[in-house]
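Protein chains in written order, with our numbering: chain V, 846 to 1198; chain Z, 2 to 353.
A quick write-up on the structure given underneath.
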Amino acid sequence: MTPHPLAPSARPQAAPPPPAHPRRRLFLGLAGLGAAVVVVSVASLFLGGRSIDAGTVVDALLRHDPTNSDHRVVTDLRLTRTIAGLLVGAALGLAGVIMQGVTRNPLADPGLLGVNAGAALAVVCAISVFGITSAFGYIWFAFAGAAATAVLVYAIGAMGRDGATPVKLALAGAAMTTALTSITTAILLADTATFNEHRFWTVGSLVGRRLDLIVQVAPFIAVGAVVALLAGRLLNGLSLGEDTARALGQHVGRSRVVCTGAAVVLCGAATAIAGPIWFVGLVVPHIARQITGPDHRWVLPYSLLIAPVLVLAADLAGRVVARPGELQVGITLAFIGAPFFIVLVRRRRLREL
Amino acid sequence: MTTATNNHSRSVAHHGDLSRRRHHHRVATVCVALLGACGVAFGAALSIGDVDVSLTAVLGALTGNADDGTTYIVQQLRLPRALVAVMAGAALGLSGAVFQSLLRNPLASPDIIGITPGAAAAAVIALLVLGLDGYAVSVAAVAGALGVTATIYGLAWRHGVSGYRLVLVGIAVAAVMTSVVSYCLTRSDVYEARQALGWLAGSLNAKTWPTVQILASAVAILIPLALLAGRQLRVLLLGDDTARALGAPVERARLALIAVAVGLAAVATAAAGPVVFVAFVSGPIARRLIGGDGTTLVPAALVGALIMTSADLAGQHALPTLQLPVGVVTAIVGAPYLLWLLTVTNRAGRGG
Chain V
846 MTPHPLAPSA RPQAAPPPPA HPRRRLFLGL AGLGAAVVVV SVASLFLGGR SIDAGTVVDA
906 LLRHDPTNSD HRVVTDLRLT RTIAGLLVGA ALGLAGVIMQ GVTRNPLADP GLLGVNAGAA
966 LAVVCAISVF GITSAFGYIW FAFAGAAATA VLVYAIGAMG RDGATPVKLA LAGAAMTTAL
1026 TSITTAILLA DTATFNEHRF WTVGSLVGRR LDLIVQVAPF IAVGAVVALL AGRLLNGLSL
1086 GEDTARALGQ HVGRSRVVCT GAAVVLCGAA TAIAGPIWFV GLVVPHIARQ ITGPDHRWVL
1146 PYSLLIAPVL VLAADLAGRV VARPGELQVG ITLAFIGAPF FIVLVRRRRL REL
Chain Z
2 MTTATNNHSR SVAHHGDLSR RRHHHRVATV CVALLGACGV AFGAALSIGD VDVSLTAVLG
62 ALTGNADDGT TYIVQQLRLP RALVAVMAGA ALGLSGAVFQ SLLRNPLASP DIIGITPGAA
122 AAAVIALLVL GLDGYAVSVA AVAGALGVTA TIYGLAWRHG VSGYRLVLVG IAVAAVMTSV
182 VSYCLTRSDV YEARQALGWL AGSLNAKTWP TVQILASAVA ILIPLALLAG RQLRVLLLGD
242 DTARALGAPV ERARLALIAV AVGLAAVATA AAGPVVFVAF VSGPIARRLI GGDGTTLVPA
302 ALVGALIMTS ADLAGQHALP TLQLPVGVVT AIVGAPYLLW LLTVTNRAGR GG
């Protein structure tokens, strides 16, 4: 059994950082991950259902010819989904770190806690009931849905004698997801047009999103990411527990609001692009913590880079495995993430975390 | 002094006896009331519709003393549908109550911990990928539920199965099953996918006598088995160690209970599709009606039947222009109730 990643023994305020992870090695690791992001992005541009040789791909990007169908596949499909994957991955990875930190719960994940389902229902409502089609319009619904669900699930999970235990939170999230998803289904059943457009989206997919929609959402992810990256110190404080954090002079309530706000914006924006995606926010922070140790100031940037690698790799795998069709990224991620989750659950002392 | 203690203990025993008798009395009253309500809903399901049939005419049609049209409407269209609603509802309610008691958690119903999603995934694969229909889909749903449960149980096993591990593994498996369903939906054309979505919402449309017969024979075996196995629940509720100390075969009893409860959820899902929240809310509603902490299997089954029948009635007739499948009604009504329930149970500290 490895020690709890958020264990209070690693007190982050105490400079210098633990000797096992010297700063230089951590920086090198970040650089390596940056390179990995570049590699998967390039792979995502060059590989796909249609085989297009490398020269054509480069041409498509540098000397774009709108009449050439290969060129159009590269820019309209592959470039768009690569950008979408980078943004969605980064957003969900950071949101996962924040949620696990704020709830002090190793099983927290925007998908498992129902936040993405809330955002998805809000978006489907916006499109089907209010007839809003621009991402700039329905992203506000996504934020509202994500925020409402996050607050509700946490409030419900945290009630009772022993506060928000992993099991209570996960169950509250799963129950909420079931409720929200069935209402989404009900709306889609009554509206074939919206259903046809959104059955792909409700799986969690990077395909078929228009570049202009992604561009509209990108600034929100950028803002959320900056706030999240700056929130490492706050999360470190919160992970010590409410009383200790307060004793160290931190405004616990304010920290929670700032962190949760950033997570909600990130989840809402990611869901607006790709639909409800599970498990990225669960898996990535755990991997990052294995490398960096518990200090959130390092976990956050590592997650920022690991998550897009995971999402794009899953997307690529989905393209390769099910040729000539493809597996939506949300499905591939569920198949990767669920076993990971089960391994976490089988660790004996989960309940005490 | 000794006499005083004796007197005291006797009066305590007497008091306990009295309150237990009062509790039994209350259980009986609640059951009778629920039965009555089910009867009313059932009668309404037979008489209300595009053609309203008076209750006397319904009785006539059931006994064969009515004109052909009325007999056809009642016997061939409405009676099978109402019977499927009652039986599937009872099966779901019972299944949910067993799981919730067994796992000691009001949220641990088969729709949340992966069993109904497993049945749904198998059925959708049968419908869309293998191109099957009719009974084959029902068989697939049952097989899917059993397979998924075996998987969850196996993955949660670690020197025995603890409730919370079963729940969490179930949630993860449910996520995978939901992904499988969505994948099948995206792969097929929109018309087929929409039909599958209709099944997925849970619907009692066009239920015929063969469905009734299959469901009836399954339920006739499984409900008595569940009530029989349910007698072990009371011991299991004391906690594994205490139950073992009292000589109860803990793992075997738990496995038997899970098997029966899964069977019930599976046959109900096979007949009516994965109707959400019936299994979820029946147990807690029954418990609130009865009060006290015991297990409440019979009332939970009755509550399930009542919910299913009235939800189907509401779905058919509440909106003048649009017929909603029963699963949509239970979702719309169930979701807010779920929130309220979560709030109440968690505040009492029983949420996990």
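Every residue gets a Cβ at the ideal spot worked out from N, C-alpha and C, and that includes glycine.
Any chain Z beta carbon closer than 7 Å to residue i
{"i": "Trp-985(V)", "result": "no"}
{"i": "Phe-1186(V)", "result": "yes"}
{"i": "Val-996(V)", "result": "no"}
{"i": "Thr-901(V)", "result": "no"}
{"i": "Arg-1142(V)", "result": "no"}
{"i": "Ile-1051(V)", "result": "Reading off the sequence, residue 1051(V) comes out as Leu, not Ile. Cβ-Cβ to chain Z under 7 Å: no for Leu-1051(V)."}
{"i": "Thr-1039(V)", "result": "no"}
{"i": "Ala-1024(V)", "result": "yes"}
{"i": "Ser-896(V)", "result": "no"}
{"i": "Ser-1027(V)", "result": "yes"}
{"i": "Val-933(V)", "result": "no"}
{"i": "Thr-1030(V)", "result": "yes"}
{"i": "Trp-1123(V)", "result": "yes"}
{"i": "Leu-937(V)", "result": "no"}
{"i": "Arg-1223(V)", "result": "This structure cannot speak to residue 1223(V), because chain V is shown only from 846 to 1198."}
{"i": "Gly-929(V)", "result": "Per the sequence shown, the amino acid found at residue 929(V) is Ala instead of Gly. Closer than 7 Å: no."}
{"i": "Ala-1073(V)", "result": "no"}
Nearest candidate by alpha-carbon position, reference residue i, set the options
{"i": "Ala-266(Z)", "options": "Val-330(Z), Ser-20(Z), Ala-89(Z)", "result": "Ala-89(Z)"}
{"i": "Ala-1076(V)", "options": "Ser-914(V), Val-1102(V), Ala-1119(V), Val-1188(V)", "result": "Val-1102(V)"}
{"i": "Leu-186(Z)", "options": "Val-174(Z), Gly-37(Z), Leu-201(Z), Ala-173(Z)", "result": "Leu-201(Z)"}
{"i": "Thr-331(Z)", "options": "Thr-322(Z), Pro-321(Z), Ser-102(Z), Leu-307(Z)", "result": "Leu-307(Z)"}
{"i": "Ile-1181(V)", "options": "Arg-869(V), Ile-977(V), Val-1125(V)", "result": "Val-1125(V)"}
Chain V within 7 Å of residue i, Cβ atoms only
{"i": "Thr-4(Z)", "result": "Legend: pLDDT at Thr-4(Z) = 47, less than 50; position of this residue unreliable, value from coordinates given subsequently. Not closer than 7 Å to any Cβ of chain V, the Cβ of Thr-4(Z) fails to qualify, so no."}
{"i": "Val-279(Z)", "result": "no"}
{"i": "Ala-169(Z)", "result": "The amino acid occupying residue 169(Z) in the given sequence is Leu; Ala does not appear at that position. With 7 Å as the cut-off, Leu-169(Z) counts as an interface residue toward chain V."}
{"i": "Thr-187(Z)", "result": "yes"}
{"i": "Leu-104(Z)", "result": "no"}
{"i": "Val-329(Z)", "result": "yes"}
{"i": "Ala-83(Z)", "result": "no"}
{"i": "Val-276(Z)", "result": "no"}
{"i": "Val-191(Z)", "result": "yes"}
{"i": "Ser-183(Z)", "result": "yes"}
{"i": "Arg-255(Z)", "result": "no"}
{"i": "Ser-180(Z)", "result": "yes"}
{"i": "Arg-166(Z)", "result": "yes"}
{"i": "Arg-288(Z)", "result": "no"}
{"i": "Val-130(Z)", "result": "no"}
Beta-carbon spacing of residue i, residue j below 7 Å
{"i": "Gly-874(V)", "j": "Val-1156(V)", "result": "no"}
{"i": "Gly-1082(V)", "j": "Ala-1090(V)", "result": "yes"}
{"i": "Ala-127(Z)", "j": "Leu-133(Z)", "result": "yes"}
{"i": "Thr-920(V)", "j": "Ala-905(V)", "result": "yes"}
{"i": "Arg-95(Z)", "j": "Ala-244(Z)", "result": "Correcting the residue identity first, residue 95(Z) is Leu in this sequence and not Arg. No, the pair does not count as a contact, with Cβ atoms beyond the cut-off."}
{"i": "Leu-169(Z)", "j": "Gly-305(Z)", "result": "no"}
{"i": "Val-268(Z)", "j": "Ala-230(Z)", "result": "no"}
{"i": "Thr-212(Z)", "j": "Ala-46(Z)", "result": "no"}
{"i": "Pro-326(Z)", "j": "Lys-208(Z)", "result": "no"}
{"i": "Ala-120(Z)", "j": "Ala-146(Z)", "result": "yes"}
{"i": "Ser-1148(V)", "j": "Ala-1133(V)", "result": "yes"}
{"i": "Ala-173(Z)", "j": "Phe-891(V)", "result": "no"}
{"i": "Pro-300(Z)", "j": "Val-54(Z)", "result": "no"}
{"i": "Thr-1026(V)", "j": "Ala-962(V)", "result": "yes"}
{"i": "Ala-995(V)", "j": "Val-1109(V)", "result": "yes"}
{"i": "Ala-991(V)", "j": "Gly-1113(V)", "result": "yes"}
{"i": "Ala-929(V)", "j": "Arg-1078(V)", "result": "no"}
{"i": "Ala-1117(V)", "j": "Ala-980(V)", "result": "yes"}
{"i": "Asn-950(V)", "j": "Val-191(Z)", "result": "no"}
{"i": "Ala-881(V)", "j": "Val-1154(V)", "result": "yes"}
Min CB distance residue i to chain A below 7 Å
{"i": "Ala-1152(V)", "result": "The structure shown contains no chain A; the protein chains it does contain are V and Z."}
Closer than 6 Å: residue i CB and nearest the ligand ADP heavy atom
{"i": "Ile-286(Z)", "result": "What this structure holds is no ligand at all, so the ligand ADP is not there to describe."}
Legend entry - Entirely enclosed alpha helix (DSSP H) segments - the segment 71 to 118 of chain Z, minimum 4 residues: 80 to 103
Inset, instruction - Mind listing, in chain order, the continuous alpha helix (DSSP H) runs of no fewer than 4 residues lying wholly within the segment 874 to 950 of chain V? - result: Counting only runs of 4 or more, we get 899 to 907, 914 to 917, 925 to 948.
Inset, instruction - For the segment 972 to 1015 of chain V, list the alpha helix (DSSP H) runs that are entirely contained and at least 4 residues long, ordered along the chain. - result: 980 to 1003
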